[in-house]
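For the sequence shown, this note's numbering assigns the number 327 to the last residue and increments by one with no breaks. Positions of the beta carbon are idealized from the N, C-alpha and C atoms, including for glycine. Since this is a predicted model, take the numbers as computed values, not measurements. Beneath this line is the structure, given in structure tokens, with notes to follow.
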Amino acid sequence: MQASALTNGTTPVTTSDGVALYVRVAGKGTPCVFVHGGPGAGSYGFEKLAGQPLEEKLQMIYVDQRGSGRSASDAKLNYSLERQVEDLEEIRQQLHLEKWVVMAHSFGGIIATAYAQKYPQHVQALILVNSILNLPAAMESTTSYGYNLLPAATRPPLDAAAPLPQRYFMVLAMLQQQKLYNQLQYASDSTAARVNRVMKDQTSNHDFAANMFKAPGRYVQDFTPATASLTMPVLVLTGQQDYMTGPEHYKSFRFPQQRVVVLPGKHMPFLDNPKEFNQAVQGFVRKLPRR
37 MQASALTNGT
47 TPVTTSDGVA
57 LYVRVAGKGT
67 PCVFVHGGPG
77 AGSYGFEKLA
87 GQPLEEKLQM
97 IYVDQRGSGR
107 SASDAKLNYS
117 LERQVEDLEE
127 IRQQLHLEKW
137 VVMAHSFGGI
147 IATAYAQKYP
157 QHVQALILVN
167 SILNLPAAME
177 STTSYGYNLL
187 PAATRPPLDA
197 AAPLPQRYFM
207 VLAMLQQQKL
217 YNQLQYASDS
227 TAARVNRVMK
237 DQTSNHDFAA
247 NMFKAPGRYV
257 QDFTPATASL
267 TMPVLVLTGQ
277 QDYMTGPEHY
287 KSFRFPQQRV
297 VVLPGKHMPF
307 LDNPKEFNQA
317 VQGFVRKLPR
327 R
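Structure below.
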């Protein structure tokens, strides 16, 4: 793999519609942009908790999406999928990269797949980490599993006829209330405690998340049929017990050049099984054709 000529450090990027985005470059090797989930989670947690081993072989590009983390909000409230895709492309252009690897976690899979659809010529490879490509299906999985985590004696009836967002947010609120939310994401209490220690220093911006759920647009599209036409190399990483995405969600992916690695654990394989996660990513990147 050829090394990139990118300079490490924080590189503020202002989009064509005037939104200041947080972009930080770290590491050496093949350029790899990280598309965080949430929506609106920011890249801080992944960078601090999982970035360093990846940076030994990849030049990681950590981006906070508009209305997320350390990036600014959009005064015009344009948080559409199309705009998030253009933000990624404008970052690539401003970094003067011909191609990059696109790594996405969770909800970020939707943005990464939409980007790969529109700009396949600039995607050297996709790395999808517990990625959601069908948001309603993932929300159903989260709702069903999360509801069953609640103590049977105290949980209220769940109206199956209620709209999915209503059921989803009701279950999440009850899990938070009863301090059970961590069981959705992490395989152990020690992992959850480690994340909470790191995340207390995060700069938060929830505007993207708030506005996306008000007007979801194409975010609720099922992107799994589109996978059949994306011919770049793809690494699919997933957790055996990841009910936030759906433990069998990856089985609907049809990328012609996909490699699937199923790891023990839940929604955060880079924390639950960091050694196996990093081996899978580095092995995949090592075999990519030279740029």
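Return the first residue and the last residue of the alpha helix (DSSP H) that residue i is part of.
i, result
"R119", "117 to 130"
"P89", "80 to 90"
Using the three-state DSSP reduction, which class does residue i fall into: helix, strand or coil?
i, result
"F320", "helix"
"D100", "strand"
"D258", "strand"
"A56", "strand"
"A140", "strand"
"A264", "helix"
"A62", "strand"
"G145", "helix"
"P325", "coil"
"G45", "strand"
"A39", "Note that A39 scores a pLDDT of 44, beneath 50, so its modelled location is shaky; the value from the coordinates is reported in the next line. Three-state result, A39: coil."
Give every residue of the same chain whose Cβ lies closer than 8 Å to the Cβ of residue i, excluding the five residues on either side of it in the sequence, and list them in chain order.
i, result
"P187", "Q214"
"A152", "V138, V159, L162, L266, M268"
"L200", "P172, M175, E176, T179"
"E125", "Y151, K154, Y155, H158"
"T239", "G78, Y80, G105, R106"
Assuming residue i and residue j are in contact, meaning their beta carbons sit under 8 Å apart, how far apart are those beta carbons, in whole angstroms?
i, j, result
"I147", "I168", "That belief does not hold up - the Cβ atoms of I147 and I168 are roughly 10 Å apart, past 8 Å."
"P67", "I97", "6 Å"
"V55", "R106", "Not confirmed; about 12 Å, so no contact."
"G253", "S116", "5 Å"
"L307", "Y255", "That pair is no contact at about 25 Å."
"A140", "V121", "In fact, because the Cβ distance is near 12 Å, the residues do not count as touching under 8 Å."
"G301", "N309", "5 Å"
"L299", "E312", "6 Å"
"G73", "G144", "5 Å"
"V71", "Q130", "Their Cβ separation, rounded to whole angstroms, is 16 Å, which puts V71 and Q130 out of contact at 8 Å."
"L113", "V317", "So it is not a contact: roughly 35 Å between Cβ atoms."
If I measure Cβ to Cβ from residue i and keep anything under 6 Å in the same chain, skipping five residues before and after, which residues do I get?
i, result
"L133", "P67"
"R290", "T263, A264"
"A174", "I168, T281, G282"
"A108", "V55, A56"
"L94", "G63, G65, T66, C68"
"T51", "D123, E126"
With respect to the beta strand (DSSP E) encompassing residue i, which residues constitute its N-terminal and C-terminal limits?
i, result
"A7", "No answer is possible for residue 7: it lies beyond the span of the chain, which begins at 37 and ends at 327."
"T66", "66 to 71"
Can you name, in chain order, every residue of its own chain whose Cβ lies under 7 Å from the Cβ of residue i, other than the five neighbours on each side?
i, result
"A39", "In this predicted model, A39 has a pLDDT of only 44, less than 50, meaning its place in the structure is not dependable; the value taken from the coordinates is given anyway. Taken in chain order, the residues that qualify are K64, G65."
"V296", "V272, Y286"
Q.
If we require 4 or more residues per run, which alpha helix (DSSP H) segments fall completely within the region 267 to 318?
A. Complete alpha helix (DSSP H) runs here, min 4: 305 to 308.
**Q.** Within the region 151 to 230, ranges of the beta strand (DSSP E) (whole runs, at least 3 residues)
**A.** Correct list: 159 to 165.
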